Amino acid sequence: MKIKKASKARLSVRLDCNVYFYRFESKLSIHTAHPPNFFFHRCRRDRNGYGFFSFMKTLCFTTLPGDGIGPEVMNIALEVLKALGDKRNFQIKSSSHDVGGIGIDNHGSALPKSTLSACRDSDAILFGSVGGPKWENLPPKEQPERAALLPIRKAFELFANLRPGNLYPELADLSPLRADTVANGIDVLCVRELTGGIYFGQPKSTKVMENGEEEALDTMVYKTSEIERITEIAVKAASLRDRKICSVDKANVLETSVLWRKVVTECVTKLDPTIELSHLYVDNAAMQLVRDPNQFDVIVTENMFGDILSDELAVICGSLGMLASASLGTGRNNLSLPFGLYEPAGGTAPDIAGKNLANPCAQVLSAALMLRYSFGMEEEAASIENAVKETIRSGLRTGDIAQGGNSVSTEQMGNAIIERLS
Ligand code: IPM
Ligand code: MG
Numbered sequence: 113m114k115i116k117k118a119s120k121a122r123l124s125v126r127l128d129c130n131v132y133f134y135r136f137e138s139k140l141s142i143h144t145a146h147p148p149n150f151f152f153h154r155c156r157r158d159r160n161g162y163g164f165f166s167f168m169k170t171l172c173f174t175t176l177p178g179d180g181i182g183p184e185v186m187n188i189a190l191e192v193l194k195a196l197g198d199k200r201n202f203q204i205k206s207s208s209h210d211v212g213g214i215g216i217d218n219h220g221s222a223l224p225k226s227t228l229s230a231c232r233d234s235d236a237i238l239f240g241s242v243g244g245p246k247w248e249n250l251p252p253k254e255q256p257e258r259a260a261l262l263p264i265r266k267a268f269e270l271f272a273n274l275r276p277g278n279l280y281p282e283l284a285d286l287s288p289l290r291a292d293t294v295a296n297g298i299d300v301l302c303v304r305e306l307t308g309g310i311y312f313g314q315p316k317s318t319k320v321m322e323n324g325e326e327e328a329l330d331t332m333v334y335k336t337s338e339i340e341r342i343t344e345i346a347v348k349a350a351s352l353r354d355r356k357i358c359s360v361d362k363a364n365v366l367e368t369s370v371l372w373r374k375v376v377t378e379c380v381t382k383l384d385p386t387i388e389l390s391h392l393y394v395d396n397a398a399m400q401l402v403r404d405p406n407q408f409d410v411i412v413t414e415n416m417f418g419d420i421l422s423d424e425l426a427v428i429c430g431s432l433g434m435l436a437s438a439s440l441g442t443g444r445n446n447l448s449l450p451f452g453l454y455e456p457a458g459g460t461a462p463d464i465a466g467k468n469l470a471n472p473c474a475q476v477l478s479a480a481l482m483l484r485y486s487f488g489m490e491e492e493a494a495s496i497e498n499a500v501k502e503t504i505r506s507g508l509r510t511g512d513i514a515q516g517g518n519s520v521s522t523e524q525m526g527n528a529i530i531e532r533l534s
């Protein structure tokens with residue numbers, strides 16, 4: 113926010129929270145850095161000639177609720193954001209669009225053009241989940257998961273996938289790991305490269321050979337720049353945590369992994385030599401993760417290894433219903449912050465969809481990540497995270513984490529989170 117003096121104006125400006133106090137004796141022109149994201153909601157002058165105006169920050173994002181439990185948990189996340197906005201002086205301006213199976217049904221595409229362009233016009237994407245039995249018999253390339261998620265990641269070059277593996281000590285019983293291993297909970301961050309490697313490498317094909325046999329081909333490929341940029345994200349993340357990075361590869365077999373290890377090492381040394389860097393082969397990493405997850409702080413790895421290890425991390429953290437994720441790109445939004453896609457780790461849970469039984473925590477925590485990374489609202493993000501933690505601490509459980517005990521509905525869980533927002 114810049115205030116320019118148009119002529120000799122005597123101006124005093126004081127900033128208190130979101131309220132700017134000013135006194136003017138001449139004409140002023142006021143420039144905001146990001147006009148669409150801020151909204152003057154008050155502009156008055158008191159009898160002494162002092163005026164004040166306050167900005168209400170407006171968060172512009174697109175919601176893609178998708179299929180199954182997606183819409184109902186998305187509603188809770190929006191309610192939480194609205195309630196927090198009332199407390200902390202921001203408002204949300206979100207528009208909802210079809211993606212996944214519902215995109216196929218309504219528009220003939222899992223990622224309709226209108227959805228993609230709405231995403232382009234906003235500052236972040238809050239994603240629900242896609243897929244379900246109804247679309248399972250489509251050819252693999254057209255199925256909601258593959259036909260929606262992969263192109264959206266590519267379209268926005270969302271190369272960094274952050275998957276925090278958190279297990280609250282109160283939920284330690286949910287982990288399949290030994291009680292003494294997880295008594296203090298789990299806190300590991302998986303940083304997965306998301307737009308390269310075998311998922312996207314070309315050529316990719318299936319053909320019938322001369323002898324009638326079919327042959328399928330995927331290509332695993334990585335460039336230095338792709339490894340550098342994901343390492344940079346891991347270094348940033350580690351510097352805010354316990355300053356430890358474990359890079360996971362298969363450098364005893366794969367060329368891409370040899371390059372991966374070399375570039376990660378050079379990059380960490382260059383960016384911050386005080387970070388403790390270690391390397392593990394992916395088979396060993398998978399084993400170490402179940403043996404002692406808390407030996408890790410930040411794990412950085414390529415696309416496919418990250419897919420596998422992050423699911424392993426999710427299951428040892430007890431319930432998919434609790435895990436959020438952020439996919440950040442090269443692009444910057446209107447606030448000059450990373451454009452990102454935020455989604456829960458769990459799937460569409462078609463068996464409980466529409467029954468008000470789903471756990472909304474992962475979707476709510478994904479909204480918190482959105483505030484943190486795409487809107488630079490650390491305190492607000494922490495407020496949501498604390499509210500979820502306190503709700504769990506108070507003993508409230510949805511069916512997936514109730515272990516046969518009493519359980520509450522999606523809405524009850526959402527209301528309990530809202531009550532605990534600060
Ligand atoms: C994930 C999913 C996706 C992936 C699938 C659905 C394409 O498993 O986000 O981890 O493999 O990346
Ligand atoms: Mg996966």
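Residue 113 is where the sequence shown starts when you use my numbering, and the numbers rise one by one after that. Backbone N, C-alpha and C define an ideal beta-carbon position, used for all residues, glycine too. None of the values given here were measured: they were computed from a predicted structure.
Alpha carbon to alpha carbon, what distance is there between N471 and I181? The count along the sequence shown starts at 1 and reaches residue 181 at position 69. The count along the sequence shown starts at 1 and reaches residue 471 at position 359. I181 and N471: Cα-Cα distance of roughly 9 Å.
Reduced DSSP secondary structure (H/G/I, E/B, other) of M332: Numbered from 1 along the sequence shown, position 220 holds the residue referred to as residue 332. It is coil, neither helix nor strand.
Selection from Q515, E326 and A230 that minimises the alpha carbon distance to S206: Working through the sequence shown from its first residue, we reach residue 206 at position 94. For the residues Q515, E326 and A230, the minimum Cα distance to S206 belongs to A230.
Using 8 Å as the Cβ pair cut-off and three pairs as the minimum, do the stretch 343-361 and the stretch 384-393 touch? Short answer: they touch.
Is it buried or exposed for A461, if we count other Cβ within 10 angstroms and need 16 for buried? In the sequence shown, counting from the first residue as 1, residue 461 sits at position 349. Flag for A461 reads buried.
Relative to the C-alpha of K319, which residue among G313, V185, D330 and I310 is closest? Reading the sequence shown from its first residue, position 207 is the one you call residue 319. Of the candidates G313, V185, D330 and I310, the one whose C-alpha sits nearest the C-alpha of K319 is D330.
Bridge partner(s) assigned by DSSP for E203: As a first step, residue 203 must be located in the sequence shown, where it is residue number 91. Checking the sequence shown, residue 203 turns out to be Gln, not Glu. Paired residues: T170.
6 Å CB neighbourhood of A363 in its chain, flanking five on each side removed: In the sequence shown, counting from the first residue as 1, residue 363 sits at position 251. Here the set comprises S369, V370 and R373.
Would the C-beta of D423 count as close to the ligand MG, meaning under 8 Å from any of its heavy atoms? Working through the sequence shown from its first residue, we reach residue 423 at position 311. D423: yes, Cβ under 8 Å from the ligand MG.
Residue burial classification, K335 (beta-carbon count within 10 angstroms, cutoff 16): Residue mapping note: residue 335 aligns to position 223 of the sequence shown, counting from 1. Its Cβ having fewer than 16 others within 10 Å, K335 is exposed.
Report all residues from its chain with a CB closer than 6 Å to the CB of L453; omit the five preceding and five following residues, and keep chain order. As a first step, residue 453 must be located in the sequence shown, where it is residue number 341. Same-chain partners within the cutoff: I237, F239, L270 and S439.
Can you tell me which of A267, E424, N468 and N445 puts its alpha carbon nearest to the alpha carbon of N187? The residue labelled residue 187 in the question sits at position 75 within the sequence shown. Nearest of A267, E424, N468 and N445 to N187, Cα basis: N468.
Assuming S241 and P456 are in contact, meaning their beta carbons sit under 8 Å apart, how far apart are those beta carbons, in whole angstroms? Walking along the sequence shown from the start, residue 241 turns up at place 129. Walking along the sequence shown from the start, residue 456 turns up at place 344. Right, their Cβ atoms sit about 7 Å apart.
Locate the alpha helix (DSSP H) running through G213, then write down its first and last residues. Taking the sequence shown and counting its residues from 1, the one referred to as residue 213 is at position 101. Note, G213: alpha helix (DSSP H), G213 to H219.
Taking 8 Å as the cut-off, is the CB of T334 close to at least one heavy atom of the ligand IPM? Residue 334 sits at position 222 when you count from the first residue of the sequence shown. The sequence given here has Tyr at residue 334, not Thr. Incorrect: Y334 has no Cβ contact closer than 8 Å to the ligand IPM.
With 16 as the cutoff for other CB atoms within 10 Å, does R444 come out buried or exposed? Numbered from 1 along the sequence shown, position 332 holds the residue referred to as residue 444. That one is exposed.
For T227, which residues in the same chain have their Cβ closer than 7 Å to its Cβ, ignoring the five residues on either side in sequence? By one-based count along the sequence shown, residue 227 stands at place 115. So the qualifying residues of the chain are L176, H209, D210, V211 and G215.
What are the residues that DSSP puts in a beta bridge with D361? On the sequence shown, position 249 is the one that residue 361 refers to. According to DSSP, D361 bridges with Y393.
Three-state secondary structure (DSSP) of L289: As a first step, residue 289 is located in the sequence shown; it is residue number 177 there, counting from the start. In the three-state reduction of the DSSP assignment, L289 falls in the coil class.
For N149 and S495, what's the separation of their Cα atoms in angstroms? Working through the sequence shown from its first residue, we reach residue 149 at position 37. Working through the sequence shown from its first residue, we reach residue 495 at position 383. For N149, the predicted model reports a pLDDT of 43, less than 50, meaning its position is unreliable and no value from the coordinates is stated.
Can you grab the Cα-Cα spacing for the pair S437 / A189, in whole Å? To locate residue 437, count along the sequence shown from 1; it is residue 325. To locate residue 189, count along the sequence shown from 1; it is residue 77. Their Cα atoms are separated by approximately 14 Å.
Can you tell me where the alpha helix (DSSP H) with D299 in it begins and where it stops? Numbered from 1 along the sequence shown, position 187 holds the residue referred to as residue 299. In the DSSP assignment, D299 falls outside any alpha helix (DSSP H) and lies within the beta strand (DSSP E) extending over I298 to E305.
Identified DSSP bridge partners for P450: Your numbering for residue 450 matches position 338 in the sequence shown. The partner list for P450 (beta bridge, DSSP) reads R444.
Determine the contact status of N415 and I310, defining contact as a CB-CB distance below 9 Å. Indexing the sequence shown from 1 puts residue 415 at position 303. Indexing the sequence shown from 1 puts residue 310 at position 198. Yes, the pair counts as a contact, with Cβ atoms nearer than the cut-off.
Spell out the partners DSSP gives T413 in its beta bridges. Taking the first residue of the sequence shown as 1, we reach residue 413 at position 301. BP columns for T413 point to R304 and V360.
With which residues is I310 paired in a DSSP beta bridge? Residue mapping note: residue 310 aligns to position 198 of the sequence shown, counting from 1. Paired residue(s): none; I310 is not in a bridge.
I'd like to confirm the pairing. Which residues does DSSP put opposite P462 in its beta bridges? The sequence position of residue 462 within the sequence shown is 350, counting from 1. Under DSSP, no beta-bridge partner is assigned to P462.
Which of the three DSSP states, helix, strand or coil, is assigned to T522? Start at 1 with the first residue of the sequence shown, and residue 522 comes out as number 410. Note: T522 maps to helix in three-state DSSP.
Quick check: what's the CA-CA separation for F133 versus K199? Indexing the sequence shown from 1 puts residue 133 at position 21. Indexing the sequence shown from 1 puts residue 199 at position 87. With a pLDDT of 45 at F133, under the threshold of 50, the predicted position of this residue should be treated as unreliable, though the coordinate-derived value follows. If I take the Cα positions, the gap works out to 21 Å.
Just list the beta strand (DSSP E) runs in the stretch 214-289, keeping only unbroken ones of 3 residues or longer that don't cross its boundaries, in chain order. 237-241 and 272-279
Is it buried or exposed for R434, if we count other Cβ within 10 angstroms and need 16 for buried? Within the sequence shown, the letter at position 322 stands for residue 434. In the sequence on display, residue 434 carries Met and not Arg. With 16 or more Cβ atoms within 10 Å of its Cβ, M434 is classed as buried.
Can you find a heavy atom of the ligand IPM that lies under 8 Å from the Cβ of D419? Working through the sequence shown from its first residue, we reach residue 419 at position 307. For the ligand IPM, at least one heavy atom lies less than 8 Å from the Cβ of D419.
With C-beta atoms as the reference, is F202 less than 9 Å away from M482? Within the sequence shown, the letter at position 90 stands for residue 202. Within the sequence shown, the letter at position 370 stands for residue 482. No; because the gap between Cβ atoms is not below 9 Å, this pair is not in contact.
Nearest-angstrom Cα separation, counted from A291 out to D285: Locating residue 285 in the sequence shown gives position 173, where the first residue counts as 1. Locating residue 291 in the sequence shown gives position 179, where the first residue counts as 1. Taking the straight line from one Cα to the other gives about 7 Å.
Roughly how many whole angstroms lie between the Cα atoms of V394 and G197? Stepping through the sequence shown from its first residue, residue 394 is reached at position 282. Stepping through the sequence shown from its first residue, residue 197 is reached at position 85. Near 43 Å, if we compare the C-alpha coordinates of G197 and V394.
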